[in-house]
Every structure is written in structure tokens, then in C-alpha cells.
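Colleague: Got a structure here, written out as C-alpha cells. Questions coming.
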Amino acid sequence: MARRGRFRPRRVPSRTGDRNVTGILVLQSVISGLMIGAIYGLLGVGFSLVWGAMKVINIAHAAFAVLGAYLAYFLLKAFGVDPVLGFFVILPFLFFGGMVVYRFLIFPVMRARDIVVSSMVLTFGCAIVIENFISLIGSPDPRVFTTRYTGRAFFLGPFAFQWPQTVGALMALAGMAVLYVFLKKTHTGKALRASWQQPEAARLYGINLRRISMIAFGLAVASAGLGGIAMGFVYSFDPHTHNLWLIYIFLVVILGGVGNVLGTALAGLLIGLLNGLSLAFFPYQWVNVITFGMLILILLVRPAGLFRSEV
Amino acid sequence: MKPYLKSLLFLAVAGAFALPWLSPPVYFVSLLFVVFMYVVLAESWVLIGGFAGYLSFGHGAFLGIGAYTTALLMNHFHLSPLYVLVSALPAGAAAACVAAVIGYPALRLRGPYFALITLCFAFVMELAVKNLDFLGGPEGLWLKAMGIEVGLARGIFFEVMLVLMLVTVLVVRRVESSRFGAGLKAIKEDEEVAQTLCVDTPRVKLSAFILSAFFPGVAGGLYAYYLSYIHPETVFNIDISILIVLMALFGGGSSYVGPIVGAISLSLVNELLSAFLKAEYARVIYGLLFVVLILYLPDGVISFFRGRKSGAG
Amino acid sequence: MKGLKATLILILTAAMILMGSGLSMAAKPILIGGSLPLTGKFAETAKWIARGYRYWAEEINKKGGLLGRPVKFIIYDDESNATKAVTYAEKAITVDKVDLLFGGYPGTAARAVMPVAEKYKMVYVSMGGHMKSFSQGYTYSFGGPPLMGEWWYLGFMDWMKTIPKKDRPKRAAVFTMNNPIGASLLDSMKTLEKDLGIKIVINEKYNLPLPDATPLIMKAKQMKCDILFSNGFFADGVMTMRAAKALNYNPKAIVQGVGSVIPAWTKELGKDGDYVFSGTALHNKLKFPGNKKLNEVVKKRWGLPAYPVYFGFGYCWMQTLQQGVEGAKSLDQTKIRDWLKSHEVHTIAGNFRFDKRGLPKPYNYLTQVIDGRVELIWPLSVRTHDPVYPKPHWK
Amino acid sequence: MLRVSDLTVFHGHLMALQGLSLYLEEGEMVTVIGSNGAGKSTLLNTLSGLVSPRSGSIRFEEREVAGMSPEEICGLGIVQVPEGRKLFAGMTVLENLEMGAYLPGARRRFRREVERVFEKFPRLKDRRHQVAGTLSGGEQQMLAIARAMVALPRILMLDEPSLGLSPLMAEEIYGVIRDLNRDGMTILLVSQEVHVALAMASRGYVLENGRIVREGEGKALLRDPGIRSAYLGI
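Protein chains in written order, with the numbering used here: chain H, 1 to 311; chain X, 1 to 313; chain R, 1 to 395; chain P, 1 to 234.
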């Protein structure tokens, strides 16, 4: 009890008599930190895509993620569909939903003097609507995914890999890989990159910016849904949760360089790593302070994010 | 300004000053106290966020710093609560000092990076205060209750907040038309060009940032007494920071009128919606309001009054 | 800019008139007002409290009302925001001129409203959450029953004393959320070392949201802690449980703070949520009159097997207030207060006598989740199920 | 082949082109010269559909193209090499070419076309996996032209192709343009380099403040004393 509230460096307990204990603990923290970081990365990639391609800051991105998690939850509860499979069911809904949102809400705002600012206010409104819509249709109760593999883990040496986290991280990695391949290898993906590097030239060669942006937005929403499901494997969620996720998304994206998919993914991992390391070395109550403090330092040293903003 | 408008405005201000003494339900006094506080916050924010284009997402933290400074001063020196009127000034000064420390390095960052660093700053402040027991830690701080009747106390603080609001508005208005303001706007347009035009950009930005932290600090001092119990989750809440930005942008962030319109209209609309609709419906409509506003007036409410058509760029 | 100011002033005046007049019409029923976090972070708890309030009103109106007058609730949504909670409390008091103020949730909002209630001299029966707010010298605030962090584990500690020393856990891992409720839960941990001889090996606080529970559990496992205190809410509690299961960490007992008493715990976690100990200040299986009927009502309306704890809290606070009013035979707040401080009230949570601070004698029940149901374990007189101890290993 | 008549274009409240008329026959190389701000780029952007005209008509082989989207116009074969090249700087040479052949028609013939283009610009072939932003100025201009070539142009419009290039490099680019014309490509060349442009082109138009002030055969315009004094400083 004496320790309550006082800041003291953590001592390695002598009773256990095993020096490796802390080493394992550090690595364990880093492993699970990295897995969670991968999910932040995926959430960030979609956000980054929209920001880079159309200068829209989509505050509702995390709300779409929560929506995805809820849809998957509904499928799981009502039909016993595993959330991983459930994603493929809801993917078209999210994709087309995103396209509709772009066409009727985002596109008309493109005429604003300051798209960044106007889109922020607009999507903030969207986020509130989505949050309370979920709350109305469902209820504000917190939810978690419960599948056959929740609360199970496999061990590699002394390190535990919780299945839900692992599945979430794998989903995130797969999602990021798909997005990366889409942008780098497919015709439409290349057109998307072209249109955000040189919108005018892109139009000259027949690229329809509105259609391309619509697809990009649909993809971003779909990836948010996937990220939301992955988050649902790690954290419980309620309609309000998106506020919190958004802050992490914001961090990851800016750290990784806006529009830089690879950078965003790496930044996600980095934040996971920072989190894991500080969990291992400092009192838990200081973890977030230290993570955010380190981010401030990183930003001050590298004022334009860690990675070059390229596409 | 047309003369009849001028007199109308004068009447409104005079009416506001008289309000607490016409024995209205105290709720109105309290509600307007909070609304005025938001006007102060959004108005100060415009100095750096609107004029200079540096979107600060951590401005709520200065409110918290002010609130905690006052609470600590009052509790430590056992001052009579009426001294809060004096102690609010150190609160503003404390916020300004923190702004100087944070702003010096942070203002080297541009665009989203500045937004992020201020967001992180607000976050760290909330968590750090929660973790430090000498600041009350997770328990928060209680302020000694006023020895006077509630209505009277609310009335006094209302008047002070009203004065603070007027001062803030006048200062921001003055800045807008000054050389200083022109420098800020030049920075927003193009910082490199501003530099070549002999604007000492680092100094101008920092001064604006410090000034924009001072008023929220003072407001925080008053706010602490309004609540009489403060907690990091209440006064350092990141939602306040975001609400400030939205209020300013909702009204239109590039002039001193925007935040007044934004803060007042958003607060009152929210209040009205909650009064007449079921909770979630009220929130849904509140959200739709932002969507519809931006669809029809992409540049904020004041663009409607100015009749300015957007899309020139 | 020109027409703007005039428009603004118009809107302002219109808003004032609307807000002022719209809601304070009929004076006949007894008005009970205040705010609850119906949206936002704490929405899920508040929803059940509001249902408890409304059901109480329904019941009493059927019986002919309070002091012969029907009762009516005015519940504002404070959006889980303490500032709004304060404004709405004042709105209820000064605009709606409510006859009675109802209690709110959660910790920080209730803490901010308590001074308001005191200033306006309105009796305020709420959960409080922690001793600190009851030691500020407020005379109109009551915890009837309170949800006191400091008392939360009283039942557990008492029961643990009945376990032979050799069977008791030896080493405790304590993880506590860093907020008012966490801090007051932590307060009660003193008893562990002093009275029970359980050594606290790990004592960590964390800020919500908990980023990751894996390292916590890993550490507890490696340091061979055989009892785990997870002093948190639902979200972090779930993560901790899941990590404990995944890492196959098998302490003799897991004690969870506030999260495990809400319905979502058993509903969402299923089997994984079993055997967790916690406390409560009221329970749907207590023998005090009224509980049975409430359970039936909740079963019929919302299809739950028994009433959720926050439904009970809402109902119970109103019971306390009702008895105060009926005892004082008046709506005079000071009379109600004085009556409550000098008489015993009878509620679904038990019979209370309030002390100077507005609190009953320290008490709390020990609960354990067994087969997806929250069962009462201690005191023996209310036991509904034998405790499962030590906790069976994870399957 | 292309007949522009009475074209009027506004930028906001400013009139950028007024009552402009010109025509282009198949296989011709026509140049539009004029000083900075005369409206040359506006003209090309209007023809490309980026800017829509207030009034007037643009007929391409008996079809009205004024008011069509850039996508449709590009599909018809009116292709522009924009001023300042506007390459997709973060993408490789090959990807830039793929984007030139974005539309389905061009895409189907991409393989064959890209071989032809590489034959013409062997240097691009060597660097096809290099990121466009890292090419030299001359190579970038070649890539810009190549990117337009794979879009299957029937009229190739070039906006200041020699901008920012060394004289030697500029000469090489003009050589390429002459070759293209000789192979039968219809070319509309917009340039401030009046001498070179007029010498190359079969016909020329002089644009001043949004109006055509003179037109005629390239050689004839070169000899025109007014033009000589205004644009050639002689």
C-alpha cells in the first residue's frame, strides 16, 4: 500500500530469483503491443488513403470501424458466423455504403474553400449520427466477440500468443497487404495514386476523379470495418468507443506520413512497440503518458512524421 | 455597422449585464455562463487556429491548467472564494506560460503535425494530472464553497465571465484588424512568403499562441469555481478541445464573429434539442446539423450572412 | 455581419422563452428532476437507472401517488459530461422548480452535483461512489444505498477470514484503474495485509482505457500471485479475464471491481466470466420485500432473468427518498433530510439508518458469478449459493 | 478535322478567350503562339474539357465536343501534353505510361503501343522501373509525350514542351515532335518560342489577350514585320 501514488522505479523482485523473468515480460509486452499496433496500422491506412487522395479528414472513420464491429457482432450472435467470415458478408455493405456517403456527403463539400476544415466538421456530424444510431438500434451496452478461440492462446517458447489478438493482427496484416497490392498493382489502384499526385493530368488521360474517389472512400470504409472487427477481437466496444480509436488512428497516420500506406502500417507497429516497451519498463499508470510523450518528442525531432509522405 | 444595430448590440450587452439581477431562474445564468465560457474558448482559439491556420486540438488543456491553478492557489492559501476574481489572473498567466513552453517547439510544426502535437499535449496533461497525487490525482479537487447565497454567487461569476468574454472579443477583433493580425493571416496564406515579407513568423505565431492560451486560463479559473469540484476528466477532457475547434469552424473560423456565432448557436441548439427530444434522437439530429450545415454552407454559418459564394479556389 | 447580430439576439431570446416556458406547465404532479448520462460513455448504466426510476413512479402512481399527488420525472441527458450534469441540476431546480432531485451517476458527475444539491438545499440520494465526497460536509446528500468503493470488498474480506489460513491465497496481484472509484477500491486493499495476511506482491494502477492486459497477467503469473484483484470497469475487466484464460493463469480467486455486476458481463463473457468475485450493495436475490416483484417485472418487460443491479439502484434511491417525504409529510427539503437522518428506511437493499454524513453503516455483500448468474456468497444469512473456491482451472 | 468557332471562356469574371476560331486539318502541324497570359493554356484546357466554354462550338469530325467530360474527349483522341509535364512523380515510368492508357480502348492496345513508344524513346525503356520524379528534365518531357502517345491520340496537343529545358534538350524534343508529325500525327503546338514553332508548323495563329489577332502559314507569319517586332525582337 505504501507505493500507492508514489512514483518509484519498478524493482525486479528478488524472490523469483530468475533474471529472465523481466526479459520475457518485456518481449511479451512487445509482442502483444506489435499485434495491437498492426490493427491501428490498418485503421490508419484507410484514413490516410482518404486524407491523401481527397484532402478529406474523415472523423467518422473510427465510427465506421465500430459499425463494422457491430455488424460482425450481430452476425455472430444471430447466425453464429465467425467475425472473420462475417467480414466478407458485410464487406459489400460497407464498401457501397462508403461510396454512397462519398457521393452524397463528401463530394458536394469538395467545393469548400478549405476542404480539410469543412470535411472535418461534416464527418464529425456523421460520427455522432452513427454512434447514436447504433445506440438506438442496438443498445449502448458494451460488446465483445466470443468465439471458439477467445481466451485461447498458443505458445512459442515462453511467449504467449492469444488467439483473438493473433487473429485480429493477421486480419489487419492481410487487410494492409490487400490495400498495398491494390494501390501498387491494380489498374484502378494506380489510377488512384495518379489522381492524388496530379489530379489535373489524371483527368486529361481519362481518369474520372469522382469515380476513383468514390472507390477509394468505399475501400477506406471497408478497411475501417475490417479494422473495427480486428479491434473487437482485442477490446470490448460500445457505440462511444470510436472517439478513442480515432485518437490512435490520428497518431498512426501522422506519424506514418499522410497518404503513405507503408509508413502508416509501420507507424502502427511502432506505436504498438512503444506501448509494449513502456508497459514493461514503467508503472502502468504512466504508460499512456510515456507513449504520447515519446510521440511528441519524435514529432519535434522529425517534424514531418517518420516517413516521407509519398504514395 | 448600422446605428440601429449598434444600439441593439449595446442593449443586448446591457441586458446581459442586468440579467442576473432580474432574478431569473439561476439556470439561465449558469447556462449563459457556460456559453460565454465557450465563446471565450472558441474566440481565443481563432487567434491561432483561425487567423494563423494552426489548428490547435489541445486548447481545452489551457482551461484545465487555469482551473487547477486556481483550485491549488485557493486551497493552498485558504483564500476566500471571492478572491477567485484575482486568482483567475494567475490562472491565465499559468496557462500562458505553459503555452510559451509548448508553443516554442510545437509551432515549428506545420499543418496536421501541429494539430497532432497539441492533441498529444492535451492528452498527456489529463493523464499526468490524474497520476500526480499532489494535484488531487484521480480523486480530483474540491474548492471551498462560497459563503454567500447561490444565486448571488452565480450572478457575480456570470458578470466576471461576461466581462472576460467582452474583453476577449474586443481583443481578438482588435488583433484581426491590426498589423499583428495581418501577419497571422499572411502566415495562413503562405508562411514562406510571409517570411520574405519581413514577418517575424516564429515570434508572431508564438505571441498569438500565448495570447490564445491566456483567456482560456482565466476562464478556467472561473470555471473551477462554477463547478466547485474539478477532476481531470472534467476540465482536461479532450472533448472540450474538439468542441472548441468545431464551434469556431461551425461559425466560420476566419473572423472574430465566427466563434461567437458558433459557440452560441451550437450550445443553444444542443440545449433545445435535449429539452424537446429523446436523448439519442437529440444527438442524431445534432449530428445531422453539422452534416446539413456543411452541405449547404461549406464555409461555416457566417458565410451565409456574408453572402459569400464558395468555390473560388 | 450586419443582420447577424440582430438574428442572434432574436434566436437567443426565442430560445430562452422556449426553454423557460415549455417545461414548467402543470404544477399538480410532484416533479422529480435531474440528469443522467443517457448518451455517451456511461449510457448503458444510466439507461437501467432511468428504468428503475420510471418503474418506481409507475408503481407509486398506481397506489395513489406520493402525499396523494402523482409523481412525474424530468430526466435530462447530460451526455456523460459533469458540466452538463451541473447545469441540468440547476435547470431542474430553478426552471422546472422540481419538488425533488434524483440521484445521478457516475462518480465525477455525482461528485459535481452534490455541492449543487447542498447549495440549493435539496436532498440528493445517489450512489456517491467513494468516501471522499461524503466527507466534504454535505448535509443533504445520502447514499441510500451507496456504492462505496471503500466498502466494496467488505463482504469478501469477511468471508476470507472464515477460510482457514492455510487455504487462503498468499500473494496478491492488484491492478487498479486510476479514477475515483479505483482509488477508493484501492483504499480497501489495506485490509488484505493487515487482517488476512495476504501479501500484496504487485500493486499497479492503470489509466483507462487499458491498452493491453497480457503483460499484467504475465507478470502476475510469473510472480506466482494466487489471488488477482482486477479493480476496474467492464472493458478492462473483460480484457483481464480473457488474458488470464489465454495465458492459463489460475489463481485461487479472481476478484473483479465494478464490471462484473452488470448484465453485459455474463451475457458477453459467458462461461469465461464465471467464478469471479465482486461486491454489491444490493442484489436481486436479497430477501427484503420488493425484490421478487421487481424481478418479475424485469423478466416480463425486458426478458432478463432478474433485475440488473443499476435498475435496483434507481428504484432503491427513490424508495429512500419516498420514505423521507412520507415521513416528513411534506416536500420541505430540510424536514425530509432531518427525518431521514433520524429514522430507519426500509428498502429492497435492506434497512438503513443514516449517520451525519448521510451514509448507512458500512456493509457490502460478496457476490460470485456462478453458471452465468451473480450469486450472493456472504454474509451467510443471505447466501444463495456455495462459493466455488479455489477457482477451478480454465478449460 | 477540328473546327473551333466563336469560343468564349471565362475564368470567374474574367474573360479568358473571346470569340476564338481556328481549325486543324488531318496531318497538319498548327501552332498557337502568344505571350504569357494570352490564353494559350486556357485554349488547350478547353479543348481537353477541363474548362467548359461559355459559348461557341468545338467540332471534332462533325461531333460537338464542347461540354464533354475530359474522359470522353480523351477517348475520342484529343490528347494533351500539359504544361510543366505534370507527371505522376511518385510512380515509375511504366506506371506513368499505363496511366496514359487508362481508358479501356487504349488499354487494350497498350502492349503494342508501349513497344512502339519505347522504340522511339529507348532511354525510357532503360528506365522503365525508375520513379518518374527522379528523371532528368528532358527525360521527363519525353515521358510526358510518351504518356500521351499511348493514349492513342488523333490530335496531339503540346503545351510549352520546351519549358525549362536546355537548348540542346529542347532541340531534341522538337525533333521528336517533327518526327511525329512526319509519321502522320496531327499536332497542335502551343509555344512561346515563336521562332521555332512557326518554323516547324504549317500554319500558325497569334493569340493576344484571348483573341486571335493574326493567322496564316508559318513561314509567312515569320516574315510578318508586326510579329517580328512583337515576338522576335527584331
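Quick reminder that beta carbons are idealized off the backbone N, C-alpha and C, glycines included.
Assign residue 32 (chain P) to one of three DSSP states: helix, strand, or coil.
Modeller: Residue 32 (chain P): strand per DSSP, three-state reduction.
Colleague: Residue 20 (chain X): buried (16+ other C-beta within 10 angstroms of its C-beta) or exposed?
Modeller: Its Cβ being crowded by 16 or more others within 10 Å, residue 20 (chain X) is buried.
Colleague: Buried or exposed: residue 18 (chain X), going by 16 or more other Cβ atoms within 10 Å of its Cβ?
Modeller: By the 10 Å Cβ count, residue 18 (chain X) comes out exposed.
Colleague: Just checking residue 231 (chain P) against the ligand SAM - is the residue's beta carbon closer than 7 angstroms to any of the ligand's heavy atoms?
Modeller: No copy of the ligand SAM occurs in the structure displayed, which carries no ligand at all.
Colleague: Mind checking the region 240-255 of chain H against chain P and listing, in chain order, the residues whose C-beta falls within less than 8 angstroms of any C-beta there?
Modeller: Flagged: no residues at all.
Colleague: What's the call for residue 11 (chain X), buried or exposed, on a 16-neighbour Cβ count within 10 Å?
Modeller: That one is exposed.
Colleague: Only counting the same chain, and skipping five residues up and downstream in sequence, which positions put a Cβ closer than 7 angstroms to that of residue 383 (chain R)?
Modeller: The answer, listed in chain order, is 376 and 377.
Colleague: Straight-line CA distance for residue 82 (chain H) to residue 130 (chain H)?
Modeller: Computed Cα separation, rounded: 24 angstroms.
Colleague: Any beta carbon of chain X sitting closer than 8 angstroms to that of residue 115 (chain R)?
Modeller: Taking Cβ atoms only, chain X reaches closer than 8 angstroms to residue 115 (chain R), which makes this a yes.
Colleague: Buried or exposed: where does residue 299 (chain H) fall if 16 or more other Cβ atoms within 10 Å of its Cβ makes it buried?
Modeller: With 16 or more Cβ atoms within 10 Å of its Cβ, residue 299 (chain H) is classed as buried.
Colleague: Between the alpha carbons of residue 161 (chain H) and residue 216 (chain R), how many angstroms are there, rounded?
Modeller: Taking the straight line from one Cα to the other gives about 14 angstroms.
Colleague: Within 8 angstroms of any Cβ in chain R, is that where the Cβ of residue 82 (chain H) sits?
Modeller: Residue 82 (chain H) does not count as touching chain R.
Colleague: Going by DSSP, what residue range makes up the beta strand (DSSP E) through residue 280 (chain R)?
Modeller: Looking at the DSSP string, the run of the beta strand (DSSP E) that includes residue 280 (chain R) is 276-280.
Colleague: Using a C-beta cutoff of 8 angstroms, does residue 309 (chain X) count as contacting chain R?
Modeller: Its pLDDT being 42, under 50, residue 309 (chain X) is placed unreliably in this model, and the value from its coordinates should be taken loosely. Not an interface residue.
Colleague: Could you tell me whether the Cβ atoms of residue 131 (chain R) and residue 184 (chain R) are closer together than 8 angstroms?
Modeller: Going by C-beta atoms, residue 131 (chain R) is nearer than 8 angstroms to residue 184 (chain R).
Colleague: Identify the continuous alpha helix (DSSP H) that holds residue 265 (chain R) and give its terminal residues.
Modeller: Start and end: 263-269.
Colleague: Would residue 92 (chain P) and residue 59 (chain P) qualify as a contact pair, given that the criterion is a beta-carbon distance under 8 angstroms?
Modeller: No, the Cβ-Cβ distance between residue 92 (chain P) and residue 59 (chain P) is not below 8 angstroms.
Colleague: Starting from the C-beta of residue 230 (chain H), find all residues in its chain whose C-beta is less than 6 angstroms away, skip the five residues before and the five after it, and write them out in chain order.
Modeller: These residues qualify, in order along the chain: 39, 168, 171 and 172.
Colleague: Taking only beta-carbon atoms, is residue 120 (chain R) less than 8 angstroms away from chain X?
Modeller: With 8 angstroms as the cut-off, residue 120 (chain R) counts as an interface residue toward chain X.
Colleague: Classify residue 229 (chain R) as helix, strand or coil using the three-state DSSP reduction.
Modeller: Correct three-state label for residue 229 (chain R): strand.
Colleague: From R:58, R:62 and R:102, pick the residue whose C-alpha is nearest to that of residue 32 (chain R); which is it?
Modeller: Considering only alpha carbons, the answer is R:102.
Colleague: Taking residue 194 (chain H) as the query, report the chain P residues whose CB atoms sit under 7 angstroms from its CB, ordered along the chain.
Modeller: Simply 88, 91 and 99.
Colleague: Would you verify that the beta carbon of residue 206 (chain R) is, or is not, closer than 8 angstroms to some beta carbon of chain X?
Modeller: Not one chain X Cβ lies under 8 angstroms of residue 206 (chain R).
Colleague: With H, G and I counted as helix, E and B as strand and the rest as coil, what does DSSP make of residue 368 (chain R)?
Modeller: Reduced to three states, the DSSP call for residue 368 (chain R) is strand.
Colleague: Strictly below 9 angstroms CB to CB, what residues from chain A border residue 216 (chain H)?
Modeller: As a matter of chain content, chain A is missing from the structure shown, whose protein chains are H, X, R and P.
Colleague: If the cut is a Cβ gap below 9 angstroms, which residues of chain H does residue 39 (chain R) touch?
Modeller: What residue 39 (chain R) touches in chain H: 131, 132, 135, 140, 239 and 240.
Colleague: In this structure, how does DSSP classify residue 292 (chain H) when only helix, strand and coil are distinguished?
Modeller: In this structure, residue 292 (chain H) counts as helix in the three-state DSSP scheme.
Colleague: Taking Cβ positions only, does residue 131 (chain R) come closer than 8 angstroms to chain H?
Modeller: With 8 angstroms as the cut-off, residue 131 (chain R) does not count as an interface residue toward chain H.
Colleague: Taking C-beta pairs closer than 8 angstroms, name the residues in chain X that residue 46 (chain H) reaches, listed in chain order.
Modeller: In chain order: nothing, as chain X lies at least about 16 angstroms away.
Colleague: Would you mind sorting residue 36 (chain P) into buried or exposed? The rule is 16 or more other CB atoms within 10 Å of its CB.
Modeller: Exposed.
Colleague: Using beta carbons (cut-off 8 angstroms, strictly below), is residue 205 (chain H) in contact with chain R?
Modeller: Taking Cβ atoms only, chain R never reaches closer than 8 angstroms to residue 205 (chain H), which makes this a no.
Colleague: Mind checking the region 38-62 of chain H against chain R and listing, in chain order, the residues whose C-beta falls within less than 7 angstroms of any C-beta there?
Modeller: Cβ contacts with chain R come from no residue of the region 38-62 of chain H.
Colleague: Where in the region 172-207 of chain P do unbroken runs of the beta strand (DSSP E), each at least 3 residues long, occur, reported from the N-terminal end onward?
Modeller: Here the runs fully enclosed are 186-191.
Colleague: Only counting runs of 4 or more residues, tell me where the alpha helix (DSSP H) segments fall wholly within the region 217-285 of chain H, in order along the chain.
Modeller: The qualifying runs are 242-256 and 261-281.
Colleague: Using 8 angstroms as the threshold, is the C-beta distance between residue 240 (chain X) and residue 60 (chain X) below it?
Modeller: The answer is yes: Cβ separation under 8 angstroms.
Colleague: Which first and last residues belong to the beta strand (DSSP E) in which residue 321 (chain R) is found?
Modeller: Counting along the chain, residue 321 (chain R) falls outside any beta strand (DSSP E), though it belongs to the alpha helix (DSSP H) covering 309-328.
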